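Trainee: Basically the numbering used here = 1-based index in the sequence shown + 13. Just so you know, even glycine gets a beta-carbon here, dropped at the ideal spot from N, CA and C. Because the structure is a prediction, the values reported are computed rather than measured. Below is the structure I would like to discuss, written out as structure tokens.
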Amino acid sequence: MIIEKGEARVKSEVFEVQAEYFKALSHPVRIKILYYLKKGERCVCEIVPYLKEEQSNVSRHLAALKRAGILSSRKEGVSVYYRVEDENVYKIVNLALYSVKKVAREKVALLS
Numbered sequence: 014m015i016i017e018k019g020e021a022r023v024k025s026e027v028f029e030v031q032a033e034y035f036k037a038l039s040h041p042v043r044i045k046i047l048y049y050l051k052k053g054e055r056c057v058c059e060i061v062p063y064l065k066e067e068q069s070n071v072s073r074h075l076a077a078l079k080r081a082g083i084l085s086s087r088k089e090g091v092s093v094y095y096r097v098e099d100e101n102v103y104k105i106v107n108l109a110l111y112s113v114k115k116v117a118r119e120k121v122a123l124l125s
């Protein structure tokens, strides 16, 4: 469902799902994971050294992104590979970055 300007009635469940999606994106390590997976599927054995984090910590973040439907995974032998399920997540992350930069510029202008 796409929320159009002026649309007043949206089921509360939609807001819950959206909040869970954004919550999954609300940690710097998770955003780093998305950037790392931009070039394609990666094994956990590649993701952990890239992030320089403990494997248990990385696994927790991967699980959160997977629960939100942002990532999917497949197992090959003892290795688990992750990939971005929907490339639109990059549009969301980039729009957020644009907004953050805009707000930061406005704050700097106010302080100058």
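Just confirm the distance between the C-beta atoms of Arg-55 and Tyr-103, as a whole number of angstroms; I'd bet it's less than 8 Å.
Mentor: Taking the first residue of the sequence shown as position 1, residue 55 is located at position 42. Taking the first residue of the sequence shown as position 1, residue 103 is located at position 90. 15 Å between Cβ atoms; not a contact.
Trainee: Just confirm the distance between the C-beta atoms of Glu-98 and Ile-83, as a whole number of angstroms; I'd bet it's less than 8 Å.
Mentor: The residue given as residue 98 occupies position 85 in the sequence shown. The residue given as residue 83 occupies position 70 in the sequence shown. Indeed they touch by this definition, with Cβ atoms about 6 Å apart.
Trainee: What residue range does the beta strand (DSSP E) around Leu-84 cover?
Mentor: Sequence index remark: in the sequence shown, residue 84 carries index 71 (1-based). Element bounds for Leu-84: 84-89.
Trainee: Determine the extent of the beta strand (DSSP E) in which Val-97 is found, giving its start and end residues.
Mentor: Within the sequence shown, residue 97 is the residue found at index 84, counting from 1. Start and end: 92-97.
Trainee: Considering only residues of the same chain and omitting the five flanking positions on each side of Lys-45, which have a CB-CB separation below 7 Å?
Mentor: The count along the sequence shown starts at 1 and reaches residue 45 at position 32. The answer, listed in chain order, is Leu-64.
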